[in-house]
Structure formats: structure tokens, C-alpha cells
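**Student:** Just so we're aligned: 80 in UniProt numbering is position 80 of the sequence shown, and the numbers increase by one with no gaps anywhere.
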Amino acid sequence: MASSPTSTAPHDRKLDPAASPAARWRTRREQESYSSKLLDALRLVRAASGRPSPASSREVRHAADRALAVAARGRSRWSRAILASRARACALRRLAFPALLAEASDYIAALEMQVRAMAALAQALQSVAPAPPPPSSSS
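Shown next, in the form of C-alpha cells:
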């Protein structure tokens, strides 16, 4: 059976970045969903710490990773591993190389989205933060 020139071979569709699972992390909707989950997670960290000082970087990182895994909705091994509080590498053992590459590219795209969301959050917080007092002049 001959294929028409307009048909796409199955292997060509896999190479289309828009068709990859990692492409969903680049959508505005996914970015907004993750940003909302991240803010909720950070509020919980702050409330749970019960202290006026900022939460530790480990607590913030853990909250951000869990929010990312929740945003992934358990559709990937790495997100299920994070939600189950296991090391990420354990979930990828005994995985075929193509599947491992797909997981890695999805995780990298998710981390890129996480960086964009955190940068936007930092910029928003910086714009509403009170200006530091001018340096005192010593004469």
C-alpha cells in the first residue's frame, strides 16, 4: 500500500514538538495552572512553618516540586514518584531508552515552566515590595 505525499509517517509525528507531551508545559493555561498551584503550596509552607522568618529553601523546593507533580496530574513517572515521596530516579529504572528520553524531555520542559513561573512570581513580589530606605549619608 503506497502512502500519499501528504500523509505523515508515525515516526515523523513523534518528532513534531507540538505533538510531544513536553509541549503542554509551554501553554499559557498550563503555566497559569502551575502558578496557581505553586502559590497555594507556598502559602501552605508559610502557614505550616509558623514562624516569622522565611521558610527554608528545602521546604520551598519541596513545595514547588510537589506543585509541579500535581500540575502533571500523575501522567508521568517522575510526577508519580514525587507525589509518592520517592526519589525521582527510582521511578525510571527498567525503562526502555525511548521512554526514558520521553520522560526526561517532559521533566525538563516542566522544570523550564517552573523557572518561568518562579521568575514571574519573583518579579511580581519585587514590584509590590516596599522600596528599601535610601542609604544614610555619613558626613
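C-beta: ideal position from N, C-alpha, C; glycine also.
With residue 58 as the anchor, note down where its alpha helix (DSSP H) starts and where it stops.
**Tutor:** In the sequence shown, counting from the first residue as 1, residue 58 sits at position 58. Run containing residue 58: 57 to 71, per the alpha helix (DSSP H) assignment.
**Student:** Helix or strand or just coil, what does DSSP make of residue 95?
**Tutor:** Here residue 95 refers to the residue found at position 95 of the sequence shown. In the structure shown, residue 95 sits in coil (DSSP, three-state: anything other than H, G, I, E or B).
**Student:** So, is residue 108 buried or exposed, given that buried needs 16 or more other C-beta atoms within 10 angstroms?
**Tutor:** As a working note, residue 108 is residue 108 in the sequence shown. Residue 108 should be labelled exposed.
**Student:** To the nearest angstrom, how far is it from the Cα of residue 128 to the Cα of residue 57?
**Tutor:** For the purposes of this step, residue 128 is taken as the residue at position 128 of the sequence shown. For the purposes of this step, residue 57 is taken as the residue at position 57 of the sequence shown. Cα to Cα, the separation comes out at about 22 Å.
**Student:** Considering only residues of the same chain and omitting the five flanking positions on each side of residue 66, which have a CB-CB separation below 8 Å?
**Tutor:** Sequence index remark: in the sequence shown, residue 66 carries index 66 (1-based). The answer, listed in chain order, is 41, 82, 83.
**Student:** What are the boundary residues of the alpha helix (DSSP H) that residue 81 is part of?
**Tutor:** Your numbering for residue 81 matches position 81 in the sequence shown. 77 to 83 is the span of the alpha helix (DSSP H), which, as asked, contains residue 81.
**Student:** Mind checking whether residue 113 and residue 31 have CB atoms under 7 Å apart?
**Tutor:** Your numbering for residue 113 matches position 113 in the sequence shown. Your numbering for residue 31 matches position 31 in the sequence shown. Contact flag set, yes.
**Student:** Around the C-beta of residue 214, are 16 or more other C-beta atoms found within 10 angstroms, so that it is buried, or is it exposed?
**Tutor:** Given that the chain is displayed from residue 1 to residue 139, the structure contains no residue 214 and the question cannot be resolved.
**Student:** Mapping DSSP to helix, strand and coil, what is residue 129?
**Tutor:** Position 129 of the sequence shown, counted from the start, is the residue given in the question as residue 129. Reduced to three states, the DSSP call for residue 129 is coil.
**Student:** So is residue 36 buried or exposed if we call it buried at 16+ other beta carbons inside 10 Å?
**Tutor:** Within the sequence shown, the letter at position 36 stands for residue 36. Burial call: exposed.
**Student:** With the cut-off set at 7 Å, would you say residue 64 and residue 34 are in Cβ contact?
**Tutor:** As a position in the sequence shown, residue 64 is number 64, starting the count at 1. As a position in the sequence shown, residue 34 is number 34, starting the count at 1. No, Cβ-Cβ distance for residue 64 and residue 34 is not below 7 Å.
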